[in-house]
Amino acid sequence: MRSVPDIAPVSVDTWLLTWSLDEGALPDAQLVALIGDLASRLRRQFGAAIVNTVPAYCSVMVQIDILSIDWGRVETAIRSWLSEIDLESDLVSRHHQIPVCYDPELGLDMHEFSTLKKLSPGEVASIHSQLTYTVFAVGFLPGFAYLGHVDERLSAPRRASFRATVPAGSVAIADRQTAIYPSASPGGWQIIGRAPQLPAPGDFNAGDTLEFVPIDRTEFDRLAGVVSE
């Protein structure tokens, strides 16, 4: 992985840092962690002078307040950090454990998905919950974290048609990524389960890691606050 990015202006107050990936390569977890850490460092170091940072798979966009800081100062700090950082020990990230129920009543596509993959719903749940995922980016919705990489046995395209509303907390797969819908929204990912507790917009940062903890329907209802009649 190349630690030095290309840096190019986007507008008078915004710059884009881009790291090159080999053609066809999947996003690199260590690079994503580096980008997430860099964005956090910028906000801590320069405070309100950093108007916005937008981390992605192999880039980060940085917007500054040009009335309070010069880009040259920010770029010097970036290059200094990148030249000194130890990729094995200096990257700071959080680990999350997310309960998820894979009951087909909640995983709206579980039956079709398991048939497509020639697996039982139990096997889908087991494979999906065995891996530790990296947060590659946060977007689409506040708190929507793109997680990877899904086991190749579960890789599947998006649904042929979008749902008008995907229930909040839905755990879904598209290609080699998985995600939790933090709120009800339209969506086309394959839904295989549901989390009883919803992520907040600030819960996940690029470079964080996450594992899914399988729970049964009774535990889901308890954590979700469902009242039995």
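Per the numbering used here, the very first residue in the sequence shown carries number 214; after that it's consecutive.
All C-beta atoms, glycine included, are put in the ideal place defined by N, C-alpha and C.
It should be emphasised that the depicted structure is a prediction, and the values quoted were computed from it without experimental measurement.
Quiz item: Between I393 and A369, is the Cβ-Cβ spacing less than 7 Å?
Solution: Not closer than 7 Å, so no.
Quiz prompt | DSSP-derived helix/strand/coil call for F375 | solution = In this structure, F375 counts as coil in the three-state DSSP scheme.
Quiz item: Smallest Cα separation from S374: which of S383, G401, S396 and R257?
Solution: When C-alpha distances from S374 are compared across S383, G401, S396 and R257, the shortest belongs to G401.
Quiz item: For A290 versus I277, is the C-beta spacing smaller than 7 Å?
Solution: Contact: no.
Quiz prompt | DSSP state of R292 mapped onto helix, strand, coil | solution = Three-state result, R292: helix.
Quiz item: Taking the C-alpha atoms as reference points, what is the distance between L436 and E424?
Solution: If I take the Cα positions, the gap works out to 17 Å.
Quiz prompt | Residues that D308 bridges to, as DSSP identifies them | solution = This sequence places His at residue 308; Asp is not what is there. In DSSP, H308 forms a bridge with T422.
Exercise. Within 10 angstroms of the Cβ of L367, are there 16 or more other Cβ atoms? Answer buried if so, exposed if not.
Key: Buried, by the Cβ-count rule.
Quiz item: What is the DSSP secondary structure of A413, reduced to helix, strand or coil?
Solution: When DSSP states are grouped into helix, strand and coil, A413 belongs to the coil group.
Quiz item: Since V287 and V275 are thought to touch, with beta carbons under 8 Å apart, how far apart are those beta carbons, to the nearest angstrom?
Solution: For a cut-off of 8 Å, the C-beta gap from V287 to V275 is around 7 Å, short enough to register as a contact.
Quiz item: Using the beta-carbon count (16 or more within 10 Å), is M214 buried or exposed?
Solution: Note that M214 has pLDDT 47, beneath the 50 cutoff, so the model's placement of it is unreliable and the number below is only indicative. Classification of M214: exposed, given that the 10 Å Cβ count is below 16.
Quiz prompt | Collapsed DSSP secondary structure at G438 in the structure displayed | solution = Here G438 sits in coil by DSSP.
Quiz item: Within the chosen definition, does the stretch 278-285 reach the stretch 337-348 through at least 3 CB pairs nearer than 8 Å?
Solution: When C-beta atoms of the stretch 278-285 are compared with those of the stretch 337-348, fewer than three pairs fall below 8 Å, so the two segments do not count as touching.
Quiz prompt | Local conformation of I248 per DSSP, three classes | solution = DSSP places I248 in the helix class (H, G or I) of the three-state scheme.
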